[in-house]
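Beneath this line is the structure, given in structure tokens, with notes to follow.
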Amino acid sequence: MKVSSVLRSAPKRRRIPEPYLLVNHSVIKLPPKDSKWCLQLLAFVDPLSEAAQKIAPLIEVLHKSTSVNATIMLNPIKKMTELPAKSFYQMVLEPELSFHPDHGLMLEGPAATFTSLPESPLLTLALQVPHAWFVEPIQSIYDLDNIHLAALEHGVLATFELEYILIEGHCSDGVTGQPTQGLQFVLGVQEQPDMFDTIVMANLGYFQLKANPGAWVMRLREGKSKEIYHVVSHEGTEPESVGDNLVVALSSFTGKFVVIHVAKRPGMEDVDLLANAEGDVEDDEADDDGYWDSLTG
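Quick note: the sequence shown, position 165, residue 153 per our numbering, numbers continuous.
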């Protein structure tokens, strides 16, 4: 098995065996589960680096989930003036789901536990999650951005929840190719078509919508957006899409990306979508279900 770094770009060259390396005190070997067949994994790791904190749990999960003959070579920097790792990192990852032996229900999800942390510095507890995830803390009595352990009698406990997965995309004018800044879309289902909404930005026509796994219908918002524009083509949608009703299936935790091209309706060629932008902003602020409310949830 040829392993390349998952944390930083690696040069495109074949792995070269190093049989002369001394491995008496600087190697960790994890034997495979099955001696008849296994995947060979060789990793050179600086044990004091931030990358080591991230790659170590990955190797551990691989070793538990399949037959891997792992060799970890510790390769620290000889001279340093300060520790290279400025943060404490743990990966919340398990090789398989766990269920209760009696009633068969799934146990609580894996957790990260930090011990022996320095108490004097001001710490921040944050998650590094996939780009398309919208994660928020749902249980914590402390300010997670300003944790001073020396002032606390007990540790800090926080529970996070994956609330939404983002649907992202670009929208541009199919005639001019320019981003349709200010164009508004809504996302929902047949019974409630405007559960979430968004505004197309000037930067590359980017937009994003919060959603959950399932099939959604994306439409131009009622008002100026629908009166001036109509959808002419789209990518990343489902075949059931008809006209301005775009069916978007969110079936992956990695999110969804769609590309939409629109054009002005006949007779609307000279109408500016942002001509009354100030009034539109006031209307949006008065709408409790508006775009900014959807972001702050």
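Each residue gets a CB set at the ideal place from its N, CA and C atoms; glycine is no exception. On a predicted model such as this, the values are computed, not experimentally measured, just so you know.
The alpha helix (DSSP H) with residue 213 in it runs from where to where? Here the alpha helix (DSSP H) through residue 213 covers 212 to 216.
Could you tell me how far apart the beta carbons of residue 192 and residue 222 are, in whole angstroms, since I believe they sit closer than 8 Å? Rounded, the Cβ-Cβ distance is 16 Å, inconsistent with contact.
Which residues in the same chain as residue 53 place their Cβ atom closer than 6 Å to its Cβ, once the five residues preceding and following it in sequence are excluded? Counting only residues of its own chain and dropping the five nearest sequence neighbours on each side, residue 53 has a CB closer than 6 Å to the CB of 83.
Tell me the residue span of the beta strand (DSSP E) that contains residue 249. Segment 244 to 252, the beta strand (DSSP E) holding residue 249.
Beta-carbon of residue 133 versus every beta-carbon of chain B: anything under 8 Å? Considering every chain present, this structure includes no chain B. It has just one protein chain.
Quick one, are the C-beta atoms of residue 205 and residue 250 less than 8 Å apart? No; because the gap between Cβ atoms is not below 8 Å, this pair is not in contact.
With DSSP as the reference, label residue 234 as helix, strand or coil. Residue 234: strand per DSSP, three-state reduction.
Excluding the five sequence neighbours on either side, which residues of its own chain have a C-beta within less than 8 Å of the C-beta of residue 31, listed in chain order? Residues -9, 43, 47, 58, 59, 60, 61 of the same chain have their beta carbon placed closer than 8 Å to that of residue 31, with the five preceding and five following residues left out of the count.
Going by DSSP, what residue range makes up the alpha helix (DSSP H) through residue 42? Where residue 42 is concerned, the enclosing alpha helix (DSSP H) stretches over 38 to 53.
Test item: CB-CB of residue 85 and residue 94 under 8 Å: Taking the C-beta atoms as reference points, residue 94 is found nearer than 8 Å to residue 85.
To which residues does DSSP link residue 195 through a beta bridge? DSSP, once it has assigned bridges, lists 157 as partnering residue 195.
Contact set for residue 201: own chain, Cβ-Cβ below 6 Å, skip 5 residues either direction: Excluding residues within five positions, the ones whose Cβ falls inside 6 Å are 238.
Residue 100 in three-state terms, based on DSSP: In this structure, residue 100 counts as coil in the three-state DSSP scheme.
Would you kindly report the start and end of the unbroken beta strand (DSSP E) that includes residue 110? First-last for residue 110: undefined, no H or E at that position.
Could you pull the start and end residues of the beta strand (DSSP E) that residue 123 belongs to? Here the beta strand (DSSP E) through residue 123 covers 121 to 127.
Sequence-distant residues of its chain with Cβ nearer than 7 Å to residue 20 (five each side left out): Same-chain partners within the cutoff: 26, 55, 56, 57.
If we ignore side chains and look at the alpha-carbon of each, how far apart do residue 67 and residue 109 end up? Distance between the alpha carbons of residue 67 and residue 109: 25 Å.
Length of the line joining the Cα atoms of residue 260 and residue 71: Taking the straight line joining both Cα atoms gives about 56 Å.
Roughly how many whole angstroms lie between the Cα atoms of residue 130 and residue 136? Answer to the nearest angstrom: the Cα atoms are 10 Å apart.
Residue 103 versus residue 144 - alpha carbon distance: In a straight line, the C-alpha of residue 103 is about 11 Å away from that of residue 144.
Helix or strand or just coil, what does DSSP make of residue 350? Nothing about residue 350 can be read from this structure; the chain reaches only from -11 to 285.
Per DSSP, which one or two residues make a beta bridge with residue 179? Answer is none; residue 179 lacks a bridge partner.
Is the Cβ-Cβ distance between residue 146 and residue 127 less than 8 Å? Contact: yes.
Can you tell me whether residue 137 is helix, strand or coil according to DSSP? Residue 137: helix per DSSP, three-state reduction.
Consult DSSP for residue 222 and reduce its assignment to one of helix, strand or coil. Strand, per DSSP.
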